[in-house]
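Undergrad: Attaching a single structure in structure tokens format; questions to follow.
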Amino acid sequence: MSSMPEFEYKRPETLKELFDLLPGYESGAAILAGGTDLMPRIKRGLEKPGLVVDIKDIEGLSYVEDKGEKVKIGALTTIFDIRNNTLIKDKYPALHEAATLTASENIQLRGSIGGNILQNTRCLYYNKSEAWRDSFKPCLKNGGDICNAAKGGKRCFSVYRGDLAPALMSLGASVCIVSENGEKETALEDIFTGDGVTPFSLSRDELIKNVIIPSAKMKGGYGKFRMRKAVDYPSVNVAISMDTGGKGRLVVGSVGAKPFMYEFSSLEELKEIPERAYKDVSPINNMSLSPYYRKNMVRVLAEELIRRV
Ligand SMILES: Cc1cc2nc3c(=O)[nH]c(=O)nc-3n(C[C@H](O)[C@H](O)[C@H](O)COP(=O)(O)OP(=O)(O)OC[C@H]3O[C@@H](n4cnc5c(N)ncnc54)[C@H](O)[C@@H]3O)c2cc1C
Numbered sequence: 549m550s551s552m553p554e555f556e557y558k559r560p561e562t563l564k565e566l567f568d569l570l571p572g573y574e575s576g577a578a579i580l581a582g583g584t585d586l587m588p589r590i591k592r593g594l595e596k597p598g599l600v601v602d603i604k605d606i607e608g609l610s611y612v613e614d615k616g617e618k619v620k621i622g623a624l625t626t627i628f629d630i631r632n633n634t635l636i637k638d639k640y641p642a643l644h645e646a647a648t649l650t651a652s653e654n655i656q657l658r659g660s661i662g663g664n665i666l667q668n669t670r671c672l673y674y675n676k677s678e679a680w681r682d683s684f685k686p687c688l689k690n691g692g693d694i695c696n697a698a699k700g701g702k703r704c705f706s707v708y709r710g711d712l713a714p715a716l717m718s719l720g721a722s723v724c725i726v727s728e729n730g731e732k733e734t735a736l737e738d739i740f741t742g743d744g745v746t747p748f749s750l751s752r753d754e755l756i757k758n759v760i761i762p763s764a765k766m767k768g769g770y771g772k773f774r775m776r777k778a779v780d781y782p783s784v785n786v787a788i789s790m791d792t793g794g795k796g797r798l799v800v801g802s803v804g805a806k807p808f809m810y811e812f813s814s815l816e817e818l819k820e821i822p823e824r825a826y827k828d829v830s831p832i833n834n835m836s837l838s839p840y841y842r843k844n845m846v847r848v849l850a851e852e853l854i855r856r857v
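Counting with this note's numbering, you get residues 549 to 857 for the letters of the sequence shown.
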């Protein structure tokens with residue numbers, strides 16, 4: 549088993565203190581929320597920060613608030629609290645179901661919505677110990693210039709396997725990003741680059757402060773196909789949310805470096821999406837299930853979810 553490498557550890561109590569610390573970020577600092585994605589990455593040598601900045605002591609980052617036209621969820625709100633929140637259960641079934649199916653209860657108690665959104669992409673040839681990875685040439689995500697999963701591949705095909713982002717995208721969510729220069733609101737889908745090496749457009753001195761969802765009672769649901777029911781990342785996941793007029797979004801995840809999003813304005817249009825999604829996705833051999841099987845499961849899961857919701 550690999551041992552934890554050394555790093556400095558700080559716990560700022562205000563955003564100002566955080567942004568005073570983050571100039572060191574460029575030279576290797578990392579924000580820590582629940583740590584359930586970051587710590588395994590550090591332990592495996594996938595990330596080597598000199599400084600880990602724990603944001604759990606910063607007040608005012610954990611809440612679910614109904615602000616009239618919008619519902620705001622603080623970035624440190626745990627997946628467990630989201631799962632048990634009655635407002636979310638009532639208005640946003642896709643998000644409630646996604647939180648319920650995320651990992652296991654002990655990870656839900658620790659993992660935050662901000663960390664869940666910003667969890668890194670994964671690959672069978674990359675999320676391994678340093679010793680295991682040393683038996684291959686370094687891949688694009690690991691500082692090299694090849695892809696070990698797709699021979700001859702010139703880009704990184706690592707997969708984004710988060711549960712909450714597809715559900716949030718189906719709800720038209722945005723994120724409030726804060727840095728020492730101020731705040732900006734960005735549609736959630738716009739923070740994904742589609743590049744497995746650098747999956748998010750956030751710069752290293754920016755923090756997600758909260759997630760913002762338009763306040764409407766939505767119909768919908770979430771489907772997750774995974775190898776082990778007790779605890780596992782999605783191998784394919786699908787979220788659907790629609791308003792009372794039948795307009796909405798269907799989002800497919802875990803088949804690329806970012807989720808695939810489809811908009812619809814009627815049930816007829818919604819019913820055509822599983823076939824479109826099946827044609828659009830091209831998973832490769834970088835997970836324990838075959839690309840052929842995962843591609844087929846996109847259509848199966850989406851059709852099943854449409855029937856259910
Ligand atoms: C055994 C196991 C099973 C898992 N199963 C699943 C699963 O089924 N589904 C799933 O979605 N995930 C799964 N995960 C991944 C992870 O546990 C969750 O995604 C969790 O929600 C991450 O949240 P966190 O607060 O622990 O993030 P952290 O590990 O603290 O952070 C993750 C990343 O986000 C950055 N970050 C965190 N918060 C902020 C912020 N507010 N602003 C800017 N950057 C930030 C960190 O720097 C880091 O890069 C699993 C993990 C393990 C260990």
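Ideal Cβ placement from N, Cα and C applies to all residues, glycine included. If you're wondering where the values come from, they're calculated on a predicted model, not measured in any experiment.
My assumption, with CB atoms under 8 angstroms, is that K806 sits in contact with P747. Please give the rounded CB distance.
TA: A Cβ-Cβ distance of about 7 angstroms is found for the pair K806 and P747, placing them in contact under the 8 angstroms criterion.
Undergrad: I need the boundaries of the alpha helix (DSSP H) containing Y499, first residue and last residue.
TA: Outside the displayed range of the chain (549 to 857) lies residue 499, so it cannot be described from this structure.
Undergrad: Any heavy atom of ligand 1 within a distance shorter than 6 angstroms of the CB on Y840?
TA: Distances from the CB of Y840 to the heavy atoms of ligand 1 are all 6 angstroms or more.
Undergrad: Comparing C-alpha positions only, which one of S706, D638, K757 and K795 sits nearest to T741?
TA: Comparing C-alpha distances from T741 to each of S706, D638, K757 and K795 shows the shortest one belongs to S706.
Undergrad: Just to confirm the assignment, what range does the beta strand (DSSP E) spanning S722 have?
TA: From DSSP, the beta strand (DSSP E) with S722 extends over S722 to S727.
Undergrad: What first and last residue would you give for the alpha helix (DSSP H) that runs through P762?
TA: No alpha helix (DSSP H) contains P762, which is instead part of the beta strand (DSSP E) from L755 to P762.
Undergrad: Would the beta-carbon of S706 be found less than 6 angstroms away from any heavy atom of ligand 1?
TA: no
Undergrad: Buried or exposed: where does K564 fall if 16 or more other Cβ atoms within 10 Å of its Cβ makes it buried?
TA: K564 is exposed by the Cβ-count criterion.
Undergrad: Excluding the five sequence neighbours on either side, which residues of its own chain have a C-beta within less than 6 angstroms of the C-beta of S813, listed in chain order?
TA: K795.
Undergrad: If you measure from the CB of I579, is any heavy atom of ligand 1 nearer than 6 angstroms?
TA: It does: the Cβ of I579 is within 6 angstroms (strictly closer) of some heavy atom of ligand 1.
Undergrad: What does DSSP give as the partner residues of M790 in its beta bridges?
TA: BP columns for M790 point to K767 and G796.
Undergrad: Please indicate yes or no: does the CB of A651 lie closer than 6 angstroms to some heavy atom of ligand 1?
TA: yes
Undergrad: I'd like to know whether the C-beta atoms of A642 and R631 end up nearer to each other than 7 angstroms.
TA: no
Undergrad: Pull the bridge partners of F808 from the DSSP assignment, please.
TA: DSSP lists V800 as partners of F808.
Undergrad: With respect to 6 angstroms, is the separation between the Cβ of S660 and the closest non-hydrogen atom of ligand 1 below this value?
TA: yes
Undergrad: Spatial neighbours of L635 within its chain, please: C-beta separation below 8 angstroms, excluding the five flanking residues on both sides.
TA: V612, D614 and V619
Undergrad: Flag L934 as yes when its Cβ comes closer than 6 angstroms to any non-hydrogen atom of ligand 1, and as no otherwise.
TA: Residue 934 is absent from the model: the chain starts at 549 and stops at 857.
Undergrad: Could you pull out every residue in the same chain whose Cβ sits closer than 6 angstroms to the Cβ of G801, ignoring the five residues on either side in sequence?
TA: The residues P714, N785 and P807, in chain order, have a CB closer than 6 angstroms to that of G801 in the same chain once the five nearest residues on each side in sequence are set aside.
Undergrad: Provide the residue span of the beta strand (DSSP E) that contains G622, from first to last.
TA: K618 to G622
Undergrad: Whose CA, out of D568, M587 and R559, lies closest to the CA of S551?
TA: If we check each option's Cα against that of S551, M587 comes out closest.
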